[in-house]
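Report on the following structure.
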Amino acid sequence: MNPSTSSQPPEEEEDDWLFLSSESAQPPGPSREPQETEDRGPLRSRFISAWNSVKYGWSLKQKSKFSKSSPVIMFGQSYELKGHGDRESFRRVFSSLLWLTYRRGFSPLPGGALTSDSGWGCVLRTGQMLLARGLLLHLMPPGWTWCVSHHAVKDDLELLRSTESAEGGQEVKEGPNKRGRKLSLGSLLDRPMEATHRRVVSWFTDHPSAPFGIHQLVELGKSSGKKAGDWYGPSIAAHILRKAVAASTDIPNLVVYVAQDCTVYLEDVRRLCERPPPQAWRSVIILVPVRLGGQELNRSYISCVKKLLTLQCCIGIIGGKPKHSLFFTGFQDNHLLYLDPHYCQPTVDITKENFPLESFHCKYPRKMSFSRMDPSCTIGFYAKGHRDFESLCTVVNEALSTSASAYPIFIFVEGRSQEEEERSNMPTNNMAYIQRNKGMQSVNTSNSMDEFVLL
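Following this line, the structure appears as structure tokens:
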């Protein structure tokens, strides 16, 4: 994870992300290339993991500041934080998201001796989080939240204008008892859903048998020339997720489609989802790798990204800062809301009955300015059925039409892609990007999270 060398605008006072500068991803000293991770010994591997744990463990406990005068938008829902009810709803929904971070102490990864992904696996982890969001929508009832999350998030949301009135303080004091009574009854009703929740978590654990764990993702990355310790960009991660879902027998009614050249080919999606009667239409996760600028984010795309994040069918963005992947879940004003995988935790033994779930959920909402967003990212959407897919096409097209740029971020077209017709096993690391001038341009993307060809 090489730190970005590009200049960054000063952060607003309300955002304390400065505690997590890009330089904190590695020890002080010369820049470390991702390829070198395969050569480091066990001692150095433990040192890197410990370093990241100290730096990020301390930083994650610092509170981002949220405004009470502006709504927080997350996965199509708007939360007015000035109201106690909305504030509690936001806390509960956020802490119910699966948080997949660096881990250490798992069995060696394919083709080497690495027992931790600390320092190189952040894009795979953010890809896991996006897929996990889609799976929870696919398997859980609408509006599901983790029943324990109320206790997990107490007092972790810091608000600007925090001079609370006397009745506000009383509100907080009375809350836990009321919540406790509700949870006693709710925990009985939620037991079937909790079993599904636990099963989904087990699919992402760091074990060779886990269908979406780090071992399986690294194995699937081999066909694109990647190995444990290499850097994975958002585009490659999208294709690895597609292969992982296709190879899994746990969720036969779900498929993943990855857009080609910033284009969603509708016939390709329908061919994936349609099945002969009386079988139902398969649910689909649509992943769209895009590049929103050259070396830095083109700010004309910010309004469109916001529009997409307001849609309930959007399941998040595999993005981040240059060489520093984050999972974007929403926004407030000009700041993105995210989950951060850069915290190295011990691996969890899922063979134990009732293995602990707390380390798979995060209670610290974090923000960063849109201006710091890496232009390379993958946007995810989910449609449960045929009607949902048609609705998705409509609302996403409307959001894309609001872009201030001459061209939308991506497009929907009828027909099939040439790549689908000629079907190769794995794409290259390059993708097409629509730009006003039609000639080929050479753009330095050394600080970005992926390599692209600009057309």
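Using the numbering used here, read the sequence shown as starting at 1 and increasing by one per residue. We put the CB at the ideal spot given by N, CA and C, even for glycine.
Residue i - DSSP class collapsed to helix/strand/coil
i    : result
I302 : helix
I350 : coil
S283 : strand
S95  : helix
K323 : coil
T378 : strand
Q260 : strand
L297 : strand
L292 : coil
G330 : strand
A113 : coil
R103 : strand
A238 : helix
K63  : coil
I214 : helix
L400 : helix
F204 : coil
F355 : coil
Whether residue i touches residue j by CB criterion (9 Å)
i    : j    : result
I317 : A238 : no
V200 : A132 : yes
S209 : L254 : no
I285 : Y257 : yes
T263 : F412 : yes
P108 : K222 : no
L339 : T329 : yes
R291 : P375 : yes
L326 : G320 : yes
G112 : L217 : no
M193 : P142 : no
I214 : R103 : yes
D250 : P276 : no
Y382 : H138 : yes
K307 : H335 : no
H342 : T115 : no
L98  : F90  : no
I350 : S202 : yes
G229 : I315 : no
G293 : Y301 : yes
V245 : C313 : no
According to DSSP, residues forming a beta bridge with residue i
i    : result
H84  : Paired residues: none, contrary to the question.
A383 : V284
C314 : F381
V255 : V284
V337 : The sequence given here has Leu at residue 337, not Val. G330, K367.
F412 : V264
Q418 : Answer is none; Q418 lacks a bridge partner.
Any non-hydrogen atom of the ligand SAH closer than 8 Å to residue i Cβ
i    : result
L109 : The model depicted lacks the ligand SAH and carries no ligand whatsoever.
Span of the beta strand (DSSP E) around residue i
i    : result
Q77  : 77-79
M74  : 72-74
V148 : Per DSSP, V148 belongs to no beta strand (DSSP E) and is neither H nor E.
R366 : 366-369
Other residues of its chain near residue i: CB distance less than 6 Å, five sequence neighbours each side excluded
i    : result
R524 : Residue 524 lies beyond the residue range present for the chain, which begins at 1 and ends at 455; the question has no answer from this structure.
L135 : V200
W281 : C273, G385, H386
T378 : P234, A238, L287, P289, I318
A399 : K307, L308
S403 : C304
H207 : G213
R87  : L81
Continuous alpha helix (DSSP H) stretch holding residue i: start and end
i    : result
H138 : 122-139
L272 : 266-273
Own chain, CB closer than 7 Å to residue i, minus 5 neighbours either side, in chain order
i    : result
Y232 : V123, L124, G221, K226
L309 : I73, G330, F331
P30  : Unreliable placement is indicated for P30, whose pLDDT of 36 sits below 50; no coordinate value is reported for it.
F355 : V348, D349
S359 : Q345, V348
Cut-off 8 Å between Cβ atoms - residues of its own chain near residue i, not counting five sequence neighbours on either side
i    : result
G415 : Y265, L266, E267
N269 : One detail in the question is off: residue 269 reads as Val in this sequence, not Asn. Y257, V284, I286, F389, listed in sequence order.
R299 : F370, S371
Interface flag, residue i vs chain B, CB-CB below 9 Å
i    : result
F331 : In the structure shown, chain B cannot be found, because there is only a single protein chain.
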